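Heads up: the structure comes next, in structure tokens.
Residue numbers (my numbering): 7 to 100.
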């Protein structure tokens, strides 16, 4: 399964959608996610970020971790924070 994590944008065809941190982590916990695409900001007054999802992915056992992580945020600073949270063991693309 491909998982698109974004509170506003619609996912590309063939991708499942998670609008919240809790929803994204629940889907990742269930297993079978091969690719993830992360936004950074959770907007509309929530004032949060999807950083907890990046930390969750980094802490996943290697055999359960998505094979590819994409950062689709428009924020360069947000992308840097997501990359830092993912750490050196999780390859990502922007």
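No residue lacks a Cβ here, since even glycine has one placed at the ideal position from N, Cα and C. Remember, it's a predicted structure, so these values are computed and weren't measured experimentally.
Spatially closest choice to residue i from the options, by CA coordinates
i, options, result
"residue 34", "78, 82, 70 and 83", "70"
"residue 91", "44, 8 and 24", "44"
"residue 98", "84, 80 and 73", "73"
"residue 32", "17, 100 and 58", "58"
"residue 36", "19, 16, 20 and 62", "62"
"residue 54", "17, 100 and 87", "87"
"residue 56", "68, 100, 16 and 30", "30"
Cβ separation of residue i and residue j, assumed to be a contact under 8 Å, to the nearest whole Å
i, j, result
"residue 13", "residue 48", "5 Å"
"residue 7", "residue 27", "Actually they do not touch by this definition, with Cβ atoms about 18 Å apart."
Where the beta strand (DSSP E) containing residue i begins and where it ends
i, result
"residue 24", "22-24"
"residue 73", "Run containing residue 73: none; DSSP gives neither H nor E here."
"residue 14", "Careful: residue 14 lies outside any beta strand (DSSP E) and carries neither H nor E."
Residue i and residue j closer than 7 Å at C-beta
i, j, result
"residue 96", "residue 42", "no"
"residue 93", "residue 64", "yes"
"residue 24", "residue 11", "yes"
Boundaries of the alpha helix (DSSP H) in which residue i is found, first to last residue
i, result
"residue 80", "Residue 80 -> no alpha helix (DSSP H), and no H or E assigned at all."
**OP:** Just list the beta strand (DSSP E) runs in the region 37-71, keeping only unbroken ones of 3 residues or longer that don't cross its boundaries, in chain order.
**Re:** 41-44
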